[in-house]
Structure formats: C-alpha cells, structure tokens
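> As you go down the protein sequences, you meet chains A and B in turn.
Counting along the first sequence from 1, when you hit position 99 you're at 99 in this note's numbering, and nothing is skipped either side.
Counting along the second sequence from 1, when you hit position 100 you're at 100 in this note's numbering, and nothing is skipped either side.
Idealized CB from N, CA, C, for every residue including glycine.
Protein chains: 2
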Amino acid sequence: MELDKAAICLAKLGNPARLAMFRLLVKAGDEGLAVGDIQKELDMPHSTLSHHIAHMITSGLLIQSREGRVLRCRLDYQLTQDLLDYLMKDCCKGLLSEETAAA
Amino acid sequence: MELDKAAICLAKLGNPARLAMFRLLVKAGDEGLAVGDIQKELDMPHSTLSHHIAHMITSGLLIQSREGRVLRCRLDYQLTQDLLDYLMKDCCKGLLSEETAAA
DNA sequence: GCATTATTTCGATAATAGTCGAAATATAAA
DNA sequence: TTTATATTTCGACTATTATCGAAATAATGC
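1. Going by beta carbon distance, what residues of the same chain come within less than 8 angstroms of B/Gly36, once the five residues before and after it are set aside?
2. Tell me which residues of the segment 9-31 of chain A have at least one Cβ-Cβ distance to chain B shorter than 9 angstroms, keeping chain order.
3. Can you tell which of B/Leu3, B/Met1, B/Leu33 and B/Leu13 has its C-alpha closest to the C-alpha of B/His55?
4. Assuming contact is defined by CB atoms lying nearer than 8 angstroms, are A/Ser59 and A/Cys9 in contact in what I supplied?
5. Name the residues in the segment 53-64 of chain B whose C-beta lies less than 8 angstroms from a C-beta of chain A; which are they?
6. Does the segment 20-36 of chain B touch the segment 83-93 of chain A, meaning 3 or more C-beta pairs lie closer than 8 angstroms?
7. Which residues in chain A sit within 9 angstroms of B/Ala7, going by Cβ to Cβ distance?
8. To test your reading of the DSSP string, which unbroken beta strand (DSSP E) runs of 3 or more residues are found completely within the segment 44-86 of chain A?
9. I want to verify the contact list: residues of chain A whose CB lies under 7 angstroms from the CB of B/Leu71, in sequence order.
10. Could you tell me the alpha carbon to alpha carbon distance between B/Asp43 and A/Tyr77, rounded to whole angstroms?
11. Relative to the C-alpha of B/Ala6, which candidate in A/Arg18, A/Leu3 and A/Asp4 has its C-alpha closest?
12. What's the call for B/His46, buried or exposed, on a 16-neighbour Cβ count within 10 Å?
13. Does B/Asp37 get closer than 8 angstroms to chain A when you measure Cβ to Cβ?
14. Taking 6 angstroms as the limit between beta carbons, can you name the residues of its chain near B/Arg74, skipping five residues before and five after?
15. Is any beta-carbon of chain B found at less than 8 angstroms from that of A/Leu33?
16. Find the nearest neighbour of B/Arg66 within the set B/Asp4, B/Lys40, B/Ala34 and B/Ile53, judged by alpha-carbon distance.
17. To the nearest angstrom, how far is it from the Cα of B/Thr80 to the Cα of B/Tyr86?
Written out as structure tokens, the structure is:
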C-alpha cells in the first residue's frame, strides 16, 4: 500500500464513530451488519451515520450490498489487511514487541 | 488503550505529511530527528511543519526535547506500541493473517 | 549587545469534516 | 397502489484542519 492511501484509510478510522463502526464490522465478520444494526449499536441519527458510512466507502474499507430493503455493510478484509500490513511491516518495521507480533 | 484515544492517534497519522513524518521517526529510532532534519526530508514550509508537529505532540505520539538551538523529535514508543496493540489485538482480533502476525 | 540559526507563534484564509432535520429513494408487504 | 420500513441525499450550519508568510522567541557565537 502507498503512503497516501494508508493516510486516507487511517484518517477514516481516526474518528470515534467510525472506529467504533469498524470494530463492530470486524466482529461481525463475513456476515457483516445491516446499517440499521450499526445504528442501534452506535445510537446516532440516521443521516449522521450515513455520512460516516459514505466516508468509509470512499476509502474502500467498507463495502455495501443490498439485500431487499436492507443495506448490508462488510469490511474489505483485504484492504484492511493491507493497511495493517503497511503499518506493521513497512511503517513500523522493527518497532514491534514480540507480544504484538504474536497477537 | 481506549477507543477515543486510539481515534485521536489514528487521526493524527491520517494525514500524508504526518504519516511520512511518523515513518521517518520510526526509522530514526531512539536518536530521533531534529525538526530541521524532518523539514529537509519533507520539504515543506517551517510553519506548516511546525503545525503538524504540534498536532503530533498533542496526541502524545511525538515528544520534543531541546538540545541547544535544536529541538529533537522522538516517538513515544510505548504509546505507538499501545496504538498498534489496540488495532491488532483489541480491534482486529482474529483478522490477522499469519504473515502479518509474523512481521 | 548584535548577528545568526533553529523553530514556533500569530493571523488570515481556504478547505474539509461533522451534525442533523427534512425530503427523497428503494424495496417489500398488505 | 397505498402504506410501512430502510436508508440515503440535500441543505444549511458549525467546527476543525491545512496552508503559509511574517513576526516572535530561544539559544549560540562573536
């Protein structure tokens, strides 16, 4: 991953609402979560949540697919992985504790 | 690390200039880098760089210490480590590839 | 003290991000 | 074919961030 792309992704995660959403989506795994499910968990106005989701989509970290009336959100795991790789390998090479490396 | 703190740190890294600076500081290690050294590498106006440095300081990721006329910048490795731990363990538990975990 | 070097602070401006109600769109169900 | 549900888009506003020249501060050497 290039630095600029990594910066964009990190900026998207650098907001409490979006980082919380990201955590939920990691936990949700392949199944993902409906927007409504996220809304219930994060308890914010629909329009605000939608705005944050749009942010995540533009970065590519989040993928939406329609299932009837429901829009289901999933992480792009490959991109997420690439971002973590960038941070851990390229960016912080040698900075890792044994513990983190074994996480 | 708490989510809010992680979000603040990620937001600081979520800017190309600051992420580039972060990389330089990782590479520089304990020795750190003078502001002037960073400026030469990143080639931006002093005032702009200073602004970004101030951002990094408020997040706690960057520590400055004066050595004569020179201000030396170092990363707070513990905090950096805590942030990576947060992402890898708390946030992305189970999402790691073997490869990344072994980085 | 005065000039030099290193860096920040100030101040102004432009750009981006965050918030949220109201209206619009998409789909399904009655 | 109307009503209900899920979600987004619009519009307006406020707040934060980014940029950078000019002036200020801090330390050193003459």
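Short version:
1. Contacts found: Val70.
2. Identification of residues in the segment 9-31 of chain A having a C-beta nearer than 9 angstroms to some C-beta of chain B yields Cys9, Leu10, Ala11, Lys12, Leu13, Gly14, Asn15, Pro16, Ala17, Arg18, Leu19, Ala20, Phe22, Arg23, Val26, Lys27 and Gly29, given in sequence order.
3. When only C-alpha atoms are compared, the closest one is B/Leu13.
4. It is a contact, given that the beta carbons lie within the stated cut-off.
5. Answer set for the segment 53-64 of chain B: empty.
6. Cβ pair count under 8 angstroms is three or more, so yes.
7. Chain A residues near B/Ala7: Leu13, Gly14, Asn15, Pro16, Ala17, Arg18, Leu19 and Ala20.
8. If only complete runs of 3 or more residues are kept, the segment 44-86 of chain A shows the beta strand (DSSP E) at 62-67 and 70-75, in order along the chain.
9. None at all; the shortest Cβ gap to chain A is about 22 angstroms.
10. B/Asp43 and A/Tyr77: Cα-Cα distance of roughly 35 angstroms.
11. The closest CA to that of B/Ala6, considering only A/Arg18, A/Leu3 and A/Asp4, is found on A/Arg18.
12. Within a 10 Å sphere around the beta-carbon of B/His46 sit fewer than 16 other beta-carbons, which makes this residue exposed.
13. Not an interface residue.
14. Excluding five sequence positions before and after B/Arg74, the CB atoms of its chain that fall closer than 6 angstroms to its own CB belong to Gly32 and Ile63, given in chain order.
15. When Cβ-Cβ separations below 8 angstroms define contact, A/Leu33 makes no contact with chain B.
16. Of the candidates B/Asp4, B/Lys40, B/Ala34 and B/Ile53, B/Ala34 places its Cα closest to the Cα of B/Arg66.
17. Taking the straight line joining both Cα atoms gives about 10 angstroms.
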